[in-house]
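Colleague: Respectively, the protein sequence lines represent chains A and Y. What the first sequence shows, in this note's numbering, is residues 454 to 659, in sequence order. What the second sequence shows, in this note's numbering, is residues 454 to 659, in sequence order. Here a beta-carbon is modelled for each residue, glycine too, at the ideal position from N, C-alpha and C. Since the model is a prediction, treat every value here as computed from it, not as a measurement.
There are 2 protein chains.
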Amino acid sequence: MGRKRDASRDATILDAAISILAEVGYDGMTMDMVAVRAKAGKATVYRRWATKADMVLEAVARMKREQVDLDNLPDTGSLRDDLLALFRPQPMEETERKLRAMAGMAALLSQHPALAGTAHDALVAPWVEANRVLMRRARDRGEIPGDADIETVAQITPSMGAYRTLIRRQPFDRAFLVTMVDGLVLPALGLPRKSPDSPPTTGAST
Amino acid sequence: MGRKRDASRDATILDAAISILAEVGYDGMTMDMVAVRAKAGKATVYRRWATKADMVLEAVARMKREQVDLDNLPDTGSLRDDLLALFRPQPMEETERKLRAMAGMAALLSQHPALAGTAHDALVAPWVEANRVLMRRARDRGEIPGDADIETVAQITPSMGAYRTLIRRQPFDRAFLVTMVDGLVLPALGLPRKSPDSPPTTGAST
DNA sequence: AAGTTCCGGAACTGAATGGTATCGAATTAA
DNA sequence: TTAATTCGATACCATTCAGTTCCGGAACTT
Numbered sequence: 454m455g456r457k458r459d460a461s462r463d464a465t466i467l468d469a470a471i472s473i474l475a476e477v478g479y480d481g482m483t484m485d486m487v488a489v490r491a492k493a494g495k496a497t498v499y500r501r502w503a504t505k506a507d508m509v510l511e512a513v514a515r516m517k518r519e520q521v522d523l524d525n526l527p528d529t530g531s532l533r534d535d536l537l538a539l540f541r542p543q544p545m546e547e548t549e550r551k552l553r554a555m556a557g558m559a560a561l562l563s564q565h566p567a568l569a570g571t572a573h574d575a576l577v578a579p580w581v582e583a584n585r586v587l588m589r590r591a592r593d594r595g596e597i598p599g600d601a602d603i604e605t606v607a608q609i610t611p612s613m614g615a616y617r618t619l620i621r622r623q624p625f626d627r628a629f630l631v632t633m634v635d636g637l638v639l640p641a642l643g644l645p646r647k648s649p650d651s652p653p654t655t656g657a658s659t
Numbered sequence: 454m455g456r457k458r459d460a461s462r463d464a465t466i467l468d469a470a471i472s473i474l475a476e477v478g479y480d481g482m483t484m485d486m487v488a489v490r491a492k493a494g495k496a497t498v499y500r501r502w503a504t505k506a507d508m509v510l511e512a513v514a515r516m517k518r519e520q521v522d523l524d525n526l527p528d529t530g531s532l533r534d535d536l537l538a539l540f541r542p543q544p545m546e547e548t549e550r551k552l553r554a555m556a557g558m559a560a561l562l563s564q565h566p567a568l569a570g571t572a573h574d575a576l577v578a579p580w581v582e583a584n585r586v587l588m589r590r591a592r593d594r595g596e597i598p599g600d601a602d603i604e605t606v607a608q609i610t611p612s613m614g615a616y617r618t619l620i621r622r623q624p625f626d627r628a629f630l631v632t633m634v635d636g637l638v639l640p641a642l643g644l645p646r647k648s649p650d651s652p653p654t655t656g657a658s659t
């Protein structure tokens with residue numbers, strides 16, 4: 454007996470939490486902010502999660518599902534096109550938001566290093582994995598040399614993206630992605646650099 | 454008249470601030486912590502800086518001076534040796550500490566994006582600049598192709614180091630540096646990959 | 001209809017903390 | 001010697017905020 458718990462409130466609250474996390478960070482986020490933005494009472498929040506940390510943890514873990522669809526990766530026959538197409542269905546703004554949420558968790562990570570794993574698994578690992586798959590395919594079809602260090606190269610775009618977003622505070626846009634792919638990823642894999650008809654230096658000036 | 458201000462207290466306090474910043478982050482750091490670790494009274498701290506943010510800002514800005522000595526870079530004639538020698542005089546632990554301090558500032562950066570510039574200039578920019586200088590030299594002496602995107606490649610090690618330290622929470626050690634140089638930096642510049650006698654994949658396994 | 005659990009909202013509590021004020025001792029200059 | 005200013009230490013204040021409790025109303029079960 455009794456009223457059923459409205460499951461749709463969970464998602465609303467977690468969405469609000471992620472947004473605020475990305476905006477002001479873990480310590481800057483108050484439970485009142487989250488409740489207000491989700492148009493929920495604090496009691497409703499605390500009925501679902503015992504502590505602020507619990508709530509944030511689930512919010513971050515949930516993002517994993519919205520990540521790159523590993524079962525449905527682009528397959529154009531060209532590694533370069535595949536890498537660029539990775540950001541086609543899901544706009545880059547979403548990636549930037551995730552990276553900022555990760556930055557917002559930095560304070561949490563300092564105090565609870567175990568959470569670093571959760572955050573990484575949810576926000577970065579699937580992205581690295583997608584790169585890895587695309588590069589292995591390219592290697593198997595002979596597009597890139599067999600001795601390339603795919604494991605390491607697959608981390609370039611995520612880590613440079615994090616650096617750019619979190620520290621440089623510059624946008625993760627298409628120009629940046631192209632610079633990464635043409636200027637770093639493909640050369641590191643042993644492919645010839647693009648001809649100078651495409652602007653070589655877009656990455657960052659200072 | 455009156456007692457002179459003891460200038461040596463400044464450095465002691467700022468050192469304590471940086472250490473604590475690296476350990477628990479900006480929000481986790483309390484002024485009492487800093488005072489206790491520096492064996493100073495809070496009045497002594499507030500006599501020097503009006504607010505916590507002011508103190509942290511000066512602490513971070515001060516690290517710039519201890520950075521890589523741009524006027525005395527290694528010059529072995531081999532880019533690879535130069536890049537590896539960059540971490541010879543100053544041990545890697547110090548680099549890791551700086552990166553952690555940067556992570557500790559993440560919360561601050563969210564709220565005051567202007568500070569991101571200060572932090573970047575002090576902690577990362579000199580490092581990128583050093584890489585840039587070494588690579589330009591290598592290009593000028595014909596060791597690497599002229600069309601390499603030095604600007605972008607110079608950011609690889611700093612950004613991958615930040616990713617590894619802050620998000621993966623793994624050590625910034627020599628093996629990692631070697632993986633970066635041999636697996637990414639040199640190949641991206643158009644140099645042949647190392648022969649497989651050196652382990653190709655050390656970067657990170659997930 | 002009755003009883004139970006949920007809802008959003010608001011008031012409340014207890015702890016933490018930035019910043020201020022004050023203390024006695026030490027240092028320096030006049 | 002005396003006055004001014006520093007020092008480390010501690011007490012204090014005002015605010016913020018995580019978490020609790022209560023409310024009136026809505027929804028679901030029996």
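Terminal residues of the continuous alpha helix (DSSP H) containing R622/A?
Modeller: Counting along the chain, R622/A falls outside any alpha helix (DSSP H), and DSSP gives it neither H nor E.
Colleague: Using a cut-off of 7 Å between C-beta atoms, extract the partners of G599/Y located in chain A.
Modeller: Those do not exist, as G599/Y stays about 10 Å from chain A at its closest Cβ, beyond 7 Å.
Colleague: Looking at the secondary structure, which residues open and close the alpha helix (DSSP H) in which G557/Y lies?
Modeller: Note, G557/Y: alpha helix (DSSP H), M545 to G557.
Colleague: With a cut-off of 7 Å, does the C-beta of L467/A fall near any C-beta of chain Y?
Modeller: No, L467/A lies away from the interface with chain Y (no Cβ there is under 7 Å from its Cβ).
Colleague: Would you identify the three-state DSSP class for V577/A, choosing helix, strand or coil?
Modeller: Coil.
Colleague: Run through DSSP, which three-state label would I471/Y get?
Modeller: It is helical.
Colleague: Specify the secondary structure class of P653/Y as computed by DSSP and reduced to three states.
Modeller: With a pLDDT of 44 at P653/Y, under the threshold of 50, the modelled position of this residue cannot be trusted, and the question is left open.
Colleague: Can you pull the chain Y neighbours of Y616/A, defined as C-beta to C-beta under 9 Å?
Modeller: Residues of chain Y passing the Cβ test: V577, Q608, P611, S612, M613, A615 and Y616.
Colleague: May I ask which residues mark the beginning and end of the alpha helix (DSSP H) holding Y499/A?
Modeller: Where Y499/A is concerned, the enclosing alpha helix (DSSP H) stretches over K495 to R501.
Colleague: Count the other CB atoms, across all protein chains shown, that sit within 10 Å of the CB of S472/Y; report buried if there are 16 or more and exposed otherwise.
Modeller: Buried.
Colleague: So, is A628/A buried or exposed, given that buried needs 16 or more other C-beta atoms within 10 angstroms?
Modeller: By the 10 Å Cβ count, A628/A comes out exposed.
Colleague: Under a CB-based cut-off of 7 Å, is H573/Y close to chain A?
Modeller: By this cut-off, H573/Y is an interface position.
Colleague: Helix, strand or coil for N584/A, going by three-state DSSP, please let me know.
Modeller: The answer is helix: DSSP assigns N584/A an H, G or I state.
Colleague: May I ask you to verify whether the segment 614-627 of chain Y touches the segment 605-614 of chain A, counting CB pairs closer than 8 Å and requiring at least 3?
Modeller: Judged by Cβ distances under 8 Å, the segment 614-627 of chain Y makes contact with the segment 605-614 of chain A, as three or more pairs qualify.
Colleague: In chain order, what residues of the segment 516-534 of chain A put their CB closer than 8 Å to some CB of chain Y?
Modeller: Residues passing the 8 Å Cβ filter: none.
Colleague: Which residues mark the beginning and the end of the alpha helix (DSSP H) in which L536/A is found?
Modeller: That run of the alpha helix (DSSP H) goes L532 to A538.
Colleague: Got a sec, what are the start and stop residues for the alpha helix (DSSP H) G614/Y sits in?
Modeller: That run of the alpha helix (DSSP H) goes I609 to A615.
Colleague: Please say whether K505/A and M418/A have beta carbons closer to each other than 7 Å?
Modeller: With chain A covering only 454 through 659, there is no way to say anything about residue 418/A.
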